[in-house]
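Following my numbering, the residues of the sequence shown are numbered contiguously, the last one being 631. Beta carbons: idealized from backbone N, C-alpha and C, even for Gly. All values reported here derive from a predicted model rather than from experimental measurement. Only one structure is covered here, and it is reproduced in the block below.
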Amino acid sequence: MKPQELKTKIFLDSGDPKETREALSLLGFLDGQTTNPSLIAKNPETAGKKFSQEQLLDFYRGVVKEVSVLIPQGSVSVEVYADRATKAETMLGQGREFNQWIPNAHIKFPTTTEGLKAAEQAVKEGLRVNMTLVFSQAQAAAVYAATKGAKKGDVFLSPFIGRLDDRGENGMDFIANIVRMYGSGDGHVEILAASVRSLGHFLESIRLGADIITAPLKVLKQWAEAGLKLPGKNLVYDCAALKAIPYQEIDLNKPWLEYDISHELTDKGIERFTADWNALIG
């Protein structure tokens with residue numbers, strides 16, 4: 350069962366309902382689940398198969414419906430298809446459709462100019478959103494500004510730890526920096542630590558005060574094997590080989606279009622998601 354003193358929500362990062370069942374069995378609880386095109390492509394039922402666009406969306410809908418039934422009180426993130434050329438209105442149309450699939454959806458938009466335009470309107474329409482592929486404080490500030498007025502729980506921000514680590518930067522510093530920056534705000538955006546690769550990432554995200562952590566089943570298994578332990582004051586996160594990410598003083602109260610939200614890792618992430626999705630279409 351969930352440790353009483355644990356304030357952070359725990360999500361599973363997976364496109365496979367079988368893993369949802371396993372995580373629930375292992376932990377005794379689950380607060381939500383995140384999905385994306387790459388995770389859907391990894392679902393064992395897609396192996397060796399080709400789909401039409403409509404068939405693939407039907408498959409995705411079936412997955413999230415099954416997950417939603419398993420965790421009806423939790424959140425299930427469903428990601429729109431967006432390449433570099435996809436406009437806000439197209440993303441918003443997908444978001445409206447996906448939001449009808451299940452009652453507990455958060456719609457994932459990329460943290461790009463078009464993605465933020467879509468999210469800004471989505472929030473006004475009462476949709477819940479999860480802004481993904483976040484790699485800079487400026488992007489986090491833009492998400493905050495674009496979604497002002499939303500109530501707590503309606504907006505998630507997904508900073509990616511592992512992909513920063515991959516290029517030699519300390520992704521945990523990035524989580525700490527956003528927690529610090531958002532500390533001066535109204536709390537309407539919840540930080541969802543993503544691209545969690547290890548139990549170290551997981552425990553350090555709890556210690557730093559992330560609102561939510563989404564982790565693959567293998568990391569949740571490691572946590573279960575460790576007795577669902579929580580980080581103590583003496584936790585030492587080993588990041589000696591990684592370059593520190595310095596904190597930036599950024600004003601949260603500017604119009605969101607004034608922030609420089611470009612980031613090469615966001616662009617690469619979009620390319621990866623679209624490639625994995627398109628590989629299933631034939």
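Quiz item: On the three-state DSSP scale, how would you describe Phe484?
Solution: coil
Quiz item: Leaving out five residues before and five after Glu293 in sequence, what residues of the same chain have Cβ atoms less than 7 angstroms from its Cβ?
Solution: Coverage of the chain is limited to positions 350 through 631, which leaves residue 293 absent and any answer about it impossible.
Quiz prompt | Nearest-angstrom beta carbon gap, Tyr586 and Met480 [assumed within contact, 8 angstroms] | solution = Not confirmed; about 25 angstroms, so no contact.
Quiz prompt | Distance, Asp600 Cα to Ala678 Cα | solution = Lying before the first or after the last residue shown, residue 678 is absent from the chain, which here runs from 350 to 631.
Quiz item: On the premise that Thr460 lies in contact with Ile610, defined as a C-beta separation below 8 angstroms, what is that separation, rounded to the nearest angstrom?
Solution: 6 angstroms
Quiz item: Under the DSSP definition of a beta bridge, which residues are partnered with Asp362?
Solution: Thr383
Quiz item: With a CB to CB cut of under 7 angstroms and the five nearest residues on each side skipped, what residues in its chain are close to Phe551?
Solution: Val545, Ile562, Ala564, Val568 and Trp572
Quiz item: Where does Ser544 sit, in a helix, a strand or coil, going by DSSP?
Solution: coil
Quiz item: How many whole angstroms separate the CB atoms of Leu355 and Leu579, which I take to be in contact at a CB cut-off of 8 angstroms?
Solution: 6 angstroms
Quiz item: In this structure, does DSSP put Pro508 in helix, strand or coil?
Solution: strand
Practice problem: State the start and end residues of the unbroken beta strand (DSSP E) segment that holds Ser426. | Solution: Ser424 to Glu428
Quiz prompt | Neighbourhood of Thr383 by C-beta distance below 6 angstroms, restricted to the same chain and skipping five residues each side | solution = Phe360, Asp362, Ser426 and Thr563
Quiz item: Which of the three DSSP states, helix, strand or coil, is assigned to Val412?
Solution: helix
Quiz item: In its own chain, which residues sit with a C-beta less than 7 angstroms from the C-beta of Gly558, not counting the 5 before and 5 after it?
Solution: Val528
Quiz item: Exposed or buried, what is Arg516 when buried is set at 16 or more other beta-carbons lying within 10 Å of its beta-carbon?
Solution: exposed
Exercise. Would you check if there are 3 or more beta carbon pairs closer than 8 angstroms linking the stretch 417 to 433 to the stretch 448 to 459?
Key: yes
Exercise. Take Glu463 and list the residues in its own chain whose beta-carbon comes closer than 7 angstroms to its own, dropping the five residues that flank it on each side.
Key: Thr435, Lys436, Ala437 and Met440
Quiz item: Quick one: what's Phe458 bridged to in DSSP?
Solution: Met480
Self-check item: Contact set for Glu518: own chain, Cβ-Cβ below 7 angstroms, skip 5 residues either direction
Solution: Leu591, Lys592 and Ile594
Quiz item: Rounded to the nearest angstrom, how far is the Cβ of Val472 from that of Val504, given a contact under 8 angstroms?
Solution: 7 angstroms
Exercise. Using alpha carbons as the reference points, say which of Leu375, Leu379, Glu403 and Val413 lies closest to Ile389.
Key: Val413
Quiz item: With respect to the beta strand (DSSP E) encompassing Thr563, which residues constitute its N-terminal and C-terminal limits?
Solution: Ile561 to Ala564
Quiz item: Among His537, Leu513, Lys398 and Gln443, which residue has its Cα nearest to the Cα of Gly498?
Solution: His537
Self-check item: Simplified DSSP state of Val585, which is helix, strand or coil
Solution: coil
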